[in-house]
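Contents: one structure, followed by commentary.
Residue numbers (the numbering used here): 10 to 100.
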């Protein structure tokens, strides 16, 4: 079974939201089969930044939906957008 990498764009509830802390909370809340591959911040407007995260999960059933729901359930998250989903190639 392979793996997939899912790119998420996470919008915080407020400009004051600590994105470093949010990144840590999301990473700790992920299921044991999921791992953060990469994360970065992207300016949106008027001082608001989005958190971009690439998360790798096994290619199986409902795990992608579960990861999205875990991110969405964080109190500091306003919205979550799935930017991409692709298979991870092992060379």
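Glycine included, C-beta positions come from ideal geometry on N, C-alpha and C. This structure is a prediction, so every number in the text was calculated from the model and none was measured.
* To do: Enumerate, from N- to C-terminal direction, the unbroken alpha helix (DSSP H) stretches of 4 or more residues contained entirely within the region 25-80.
  => 28-38
* What does a CB cutoff of less than 8 Å around residue 89 pick up in its chain, not counting 5 residues either side in sequence? -> In the chain shown, residue 89 corresponds to position 80, counting from 1. If we look at residue 89 and ignore the five residues flanking it on each side, its Cβ neighbours are 17, 18, 19, 20, 77, 80, 81.
* Burial state of residue 23 (16 or more Cβ within 10 Å) -> Position 14 of the chain shown, counting from 1, holds the residue named residue 23. With fewer than 16 Cβ atoms within 10 Å of its Cβ, residue 23 is classed as exposed.
* Asked: For residue 57, which residues from the same chain have a beta carbon less than 6 Å from its beta carbon, with the 5 sequence-adjacent residues on both sides left out?
  -> The residue given as residue 57 occupies position 48 in the chain shown. Excluding sequence neighbours, residue 57 sits near 24.
* Asked: Given residue 67, which residues of its chain have a CB within under 7 Å of its CB, disregarding the five upstream and five downstream residues?
  -> Along the chain shown, read from residue 1 onward, the residue named residue 67 stands at position 58. Taken in chain order, the residues that qualify are 10, 12, 42.
* Exposed unless 16 or more other CB atoms sit within 10 angstroms - verdict on residue 84 -> Translated into positions along the chain shown, residue 84 becomes position 75. Classification of residue 84: exposed, given that the 10 Å Cβ count is below 16.
* Tell whether a beta-carbon distance below 8 Å holds between residue 61 and residue 28. => On the chain shown, residue 61 is found 52 positions in, with the first residue counted as 1. On the chain shown, residue 28 is found 19 positions in, with the first residue counted as 1. Contact flag unset, no.
* Asked: Hey, residue 97 and residue 15: beta-carbon distance below 8 Å or not?
  -> Translated into the one-based positions of the chain shown, residue 97 becomes position 88. Translated into the one-based positions of the chain shown, residue 15 becomes position 6. No, they are not a contact pair.
* Asked: Does the Cβ of residue 91 have 16 or more other Cβ atoms within 10 Å, making it buried, or fewer, making it exposed?
  -> Mapped onto the chain shown, residue 91 falls at position 82. Residue 91 should be labelled exposed.
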